[in-house]
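Structure first, commentary second.
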């Protein structure tokens, strides 16, 4: 039991150090946000064109589509930490040796560092929603108390799923010298199948089946659907259960994978 | 040895270094294939909703996809270091570059060839071959495709250089500036006519990422001007390269070492 306060103290230090590190480059978060806005704006314009030129419109109404894309962007931005490329750099320069010497579970240690990104980016995500609320005259979130509770629970689970995915992809960085391939594999698969580009409802049947077989939709589409009340709070339990199952499975797979990988690690020096 | 010879030697030695890491070669190629496959899948989603985009059929849109992939790949092969300028400034490696007795911009750009470029170039040519076959390109169109790809590579890299100069003047934490350019470039995979006029003109004249594939596409498929289709891509490439050169020189004059 004495381990718990020590663990909490270490986690707090890791988290606050990471937050300070991120805030030291605060202006770059705004530039990063600008990049997301460019991407979002172009995606939105594409879908609005498609909606306006499709006979009978899309399966999702224009206002719902805009609200979904705004919320999906905000959620995707909140969870856009790049653990894989960061860790790949540390492995390449030998700094990973310092991390491995710390008397703390490696997976948990990086979880708290990633959490710092999430907290800062959540503030930015809230700003995105606020701007969208003003610009598009829509309600980006449609929440009552029960729906709000379910939405935030889903966001917390989405964070765990996203971390689990990133950590497993990061293990690949132990076998490579350059993080690009690993980073891109994760990023582009996620961009395709998470629902950030469009609700999976608009995907052809075969692609939708692939998307639902992968964990990425639990990171973006599930919280977005709950935030927009497309799925009422009373029917949210299976979705939350699916997120929890993915989070637990990925975390366990990450632990096992890390044990296997660490036995084969050669520190490359510094 | 002339300066060009030094660039070539540096490029070749860095390329050889990259190929030493075999797992990296495989994973990077896989990453670049997914990088091209992902937008194709998203286009497939769009194509199931509307048969054409502003009158452009699927093979015509794939022509745009192919040229963007090719330009991207060539940029990654020959000019990829532009992505690392921010990191070089942070780590003090930029100072070392300034000590080299050569022109810093071309030397900086050619000394970090990326392996994933090969995957993007392969995807670009594959998409162009598919589009050319489906659209029955005349024989004289085929040699123009790599020419437009090269123009696109210069345009894209030049814009990246201009944006990267912000990182020289304002040292920060990374590569975010390039992401903005890349995201804008991703839009040029689609016919620019689907976007509002302000966006279309921005992508043609301000950051001319659409000049090397959309304008030739207009000429080939939509009865656009031959002169514009043929001359706009190299003209945009020359203008943007000149602008990049001046921006780089101006940024160097305001550079302050981080002292790491």
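Chains as they are written, first to last, in the working numbering: chain W, 25 to 294; chain E, 437 to 696. We put the CB at the ideal spot given by N, CA and C, even for glycine.
Interface flag, residue i vs chain W, CB-CB below 9 angstroms
| i | result |
| --- | --- |
| residue 550 of chain E | yes |
| residue 496 of chain E | no |
| residue 632 of chain E | yes |
| residue 467 of chain E | yes |
| residue 454 of chain E | yes |
| residue 616 of chain E | yes |
| residue 619 of chain E | yes |
Alpha-carbon spacing of residue i relative to residue j, whole angstroms
| i | j | result |
| --- | --- | --- |
| residue 64 of chain W | residue 647 of chain E | 22 angstroms |
| residue 656 of chain E | residue 672 of chain E | 19 angstroms |
| residue 294 of chain W | residue 679 of chain E | With a pLDDT of 48 at residue 294 of chain W, under the threshold of 50, the modelled position of that residue is not reliable, and the figure given next carries that caveat. About 38 angstroms. |
| residue 475 of chain E | residue 216 of chain W | 8 angstroms |
| residue 652 of chain E | residue 253 of chain W | 46 angstroms |
| residue 479 of chain E | residue 497 of chain E | 9 angstroms |
| residue 614 of chain E | residue 486 of chain E | 31 angstroms |
| residue 259 of chain W | residue 238 of chain W | 21 angstroms |
| residue 448 of chain E | residue 174 of chain W | 56 angstroms |
| residue 284 of chain W | residue 191 of chain W | 14 angstroms |
| residue 466 of chain E | residue 578 of chain E | 27 angstroms |
| residue 184 of chain W | residue 573 of chain E | 50 angstroms |
| residue 405 of chain E | residue 560 of chain E | Residue numbering for chain E in the displayed model covers 437 to 696; residue 405 of chain E lies beyond these limits and cannot be assessed. |
| residue 77 of chain W | residue 660 of chain E | 23 angstroms |
| residue 172 of chain W | residue 36 of chain W | 27 angstroms |
| residue 628 of chain E | residue 664 of chain E | 16 angstroms |
| residue 256 of chain W | residue 250 of chain W | 7 angstroms |
| residue 527 of chain E | residue 80 of chain W | 56 angstroms |
| residue 233 of chain W | residue 224 of chain W | 9 angstroms |
| residue 516 of chain E | residue 206 of chain W | 18 angstroms |
| residue 129 of chain W | residue 101 of chain W | 27 angstroms |
| residue 538 of chain E | residue 267 of chain W | 55 angstroms |
| residue 105 of chain W | residue 142 of chain W | 7 angstroms |
| residue 643 of chain E | residue 620 of chain E | 9 angstroms |
| residue 68 of chain W | residue 221 of chain W | 9 angstroms |
| residue 604 of chain E | residue 686 of chain E | 10 angstroms |
| residue 534 of chain E | residue 66 of chain W | 38 angstroms |
| residue 95 of chain W | residue 152 of chain W | 9 angstroms |
| residue 495 of chain E | residue 658 of chain E | 13 angstroms |
Within chain E, the residues that residue i reaches when beta carbons sit closer than 7 angstroms
| i | result |
| --- | --- |
| residue 151 of chain W | Here the premise fails: no neighbours, minimum Cβ distance about 17 angstroms. |
| residue 73 of chain W | 630 |
| residue 58 of chain W | 616 |
Chain-ordered chain E contacts of residue i [CB-CB under 9 angstroms]
| i | result |
| --- | --- |
| residue 215 of chain W | 474, 475 and 478 |
| residue 69 of chain W | 623, 630, 631, 632 and 635 |
Anticipated Cβ contact below 8 angstroms, residue i with residue j, distance rounded
| i | j | result |
| --- | --- | --- |
| residue 625 of chain E | residue 500 of chain E | 5 angstroms |
| residue 89 of chain W | residue 75 of chain W | 6 angstroms |
| residue 178 of chain W | residue 263 of chain W | 7 angstroms |
| residue 278 of chain W | residue 131 of chain W | 6 angstroms |
| residue 463 of chain E | residue 196 of chain W | 7 angstroms |
| residue 471 of chain E | residue 512 of chain E | That pair is no contact at about 10 angstroms. |
is_contact[residue i, chain E] using C-beta, thresh 9 angstroms
| i | result |
| --- | --- |
| residue 218 of chain W | no |
| residue 63 of chain W | yes |
| residue 243 of chain W | no |
| residue 148 of chain W | no |
| residue 179 of chain W | no |
| residue 294 of chain W | Legend: pLDDT at residue 294 of chain W = 48, less than 50; position of this residue unreliable, no value from coordinates given. |
| residue 119 of chain W | no |
| residue 238 of chain W | no |
| residue 97 of chain W | no |
| residue 231 of chain W | yes |
Residue i: contacting residues in chain E (beta-carbon distance under 8 angstroms)
| i | result |
| --- | --- |
| residue 228 of chain W | 480, 481 and 484 |
| residue 206 of chain W | 463 and 467 |
| residue 77 of chain W | 486 |
| residue 196 of chain W | 463 |
| residue 221 of chain W | 478 and 481 |
Chain W contact residues for residue i, given Cβ-Cβ distances below 8 angstroms
| i | result |
| --- | --- |
| residue 460 of chain E | 200, 201, 202 and 205 |
| residue 471 of chain E | 208 and 212 |
Test: residue i CB closer than 9 angstroms to a CB of chain B
| i | result |
| --- | --- |
| residue 690 of chain E | No chain B is present in this structure, whose protein chains are W and E. |
Closer than 7 angstroms at the beta carbon, the chain W residues around residue i
| i | result |
| --- | --- |
| residue 613 of chain E | 55 |
| residue 626 of chain E | 70 |
beta-carbon residue i near the ligand ADP non-hydrogen atom, thresh 8 angstroms
| i | result |
| --- | --- |
| residue 76 of chain W | Judged by which ligands are present, the structure shown has none, so any question about the ligand ADP falls away. |
message: Suppose only complete runs of 4+ residues qualify. What are the alpha helix (DSSP H) ranges in the segment 599–663 of chain E, listed by chain order?
response: 612–623, 633–637 and 650–657
- request: Identify every run of the alpha helix (DSSP H) within the segment 514–572 of chain E, keeping only runs that are complete inside it and at least 4 residues long; order them along the chain.
  value: 521–527, 529–535, 540–546 and 552–571
- request: Counting only runs of 4+ residues fully inside the segment 72–155 of chain W, write out the alpha helix (DSSP H) ranges in chain order.
  value: 86–102, 107–117 and 120–125
message: So within the segment 195–259 of chain W, which uninterrupted beta strand (DSSP E) runs reach at least 3 residues, ignoring any that extend past its ends?
response: none
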